[in-house]
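A.B. asks: Quick one: the structure is below, and I'll ask about it shortly.
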Amino acid sequence: MKCFYHSETEAVCTCVGCGKGLCSSCGSVSTPPRCPDCLMKETEKKFRHFLYTAIVSAFFFLVTALILFFAVGVSAFRSPLWWLLMIVIMTIPWGWRFLHSLFPAFFISTSIFLLVLYFIFEAALSVFAGIVVMPWQIFSIVRLFIKTQKLKKKFR
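Structure (structure tokens):
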């Protein structure tokens with residue numbers, strides 16, 4: 084079997100997504116080996132998830148700003164404490180998504196009490212996890228974007 088992208092070289096592995104033959108230089112781009120097409124699809128999927136979480140995060144920020152504006156007034160925006168509160172609330176969707184990937188909602192088939200308790204516990208932990216996870220996710224999506232741009236240049 085020959086490499087799908089380099090017809091002169093032998094394939095040493097196959098893409099786990101589509102089964103195309105890949106040579107050693109194409110297969111070493113990712114682990115497990117994926118062809119550039121499958122890598123682009125995976126990157127687009129990750130970017131869509133990132134964009135969705137960023138939009139929800141911005142929505143949380145705006146809702147918190149509106150609530151503070153109507154509750155406290157314009158003076159709320161002069162205080163660094165209120166800005167810190169808005170930023171912390173903005174990190175909740177990032178923490179929720181991270182915790183939900185670690186602890187799936189397996190209580191759905193049990194009692195309502197356990198389900199409510201689970202969601203309260205996850206919401207409380209999302210505040211703390213989001214503070215760490217949000218910068219890490221932003222860094223990883225920027226790194227993934229740079230890697231994708233290099234990959235596009237390599238396989239053009």
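Just so you know, we're using the numbering used here here: the sequence shown kicks off at 84 and counts up by one.
We put the beta carbon where it would ideally sit given N, CA and C, even for glycine.
Roughly how many angstroms lie between the CA atoms of L145 and T97, to the nearest whole one?
C.D. replies: Translated into positions along the sequence shown, residue 145 becomes position 62. Translated into positions along the sequence shown, residue 97 becomes position 14. When rounded, the distance between both Cα atoms is 47 Å.
A.B. asks: With a threshold of 16 other CB atoms inside 10 Å of the CB of M217, please say whether the residue is buried or exposed.
C.D. replies: Within the sequence shown, numbered from 1, the residue matching residue 217 stands at position 134. With 16 or more Cβ atoms within 10 Å of its Cβ, M217 is classed as buried.
A.B. asks: Whose CA, out of T92, A94, E91, V112, lies closest to the CA of Q232?
C.D. replies: Taking the first residue of the sequence shown as position 1, residue 232 is located at position 149. Among T92, A94, E91, V112, the Cα nearest to that of Q232 is on V112.
A.B. asks: From the DSSP secondary-structure annotation, give me the bridge partner or partners of G104.
C.D. replies: For this step, residue 104 is matched to residue 21 along the sequence shown. For G104, which the question treats as bridged, DSSP gives the partners T97.
A.B. asks: Using 8 Å as the threshold, is the C-beta distance between E125 and R117 below it?
C.D. replies: Numbered from 1 along the sequence shown, position 42 holds the residue referred to as residue 125. Numbered from 1 along the sequence shown, position 34 holds the residue referred to as residue 117. The answer is yes: Cβ separation under 8 Å.
A.B. asks: Who are the Cβ neighbours of P176 in its own chain at under 6 Å, not counting the five residues just before and after it?
C.D. replies: Against the sequence shown, residue 176 aligns to sequence position 93. Hits under 6 Å: T136, V139, S140.
A.B. asks: Under 8 Å: do the stretch 191 to 205 and the stretch 165 to 173 share three or more Cβ pairs, one atom per stretch?
C.D. replies: Short answer: they don't touch.
A.B. asks: Hey, P115 and V99: beta-carbon distance below 8 Å or not?
C.D. replies: Counting from one through the sequence shown, the residue named residue 115 turns up at place 32. Counting from one through the sequence shown, the residue named residue 99 turns up at place 16. Yes, the Cβ-Cβ distance between P115 and V99 is below 8 Å.
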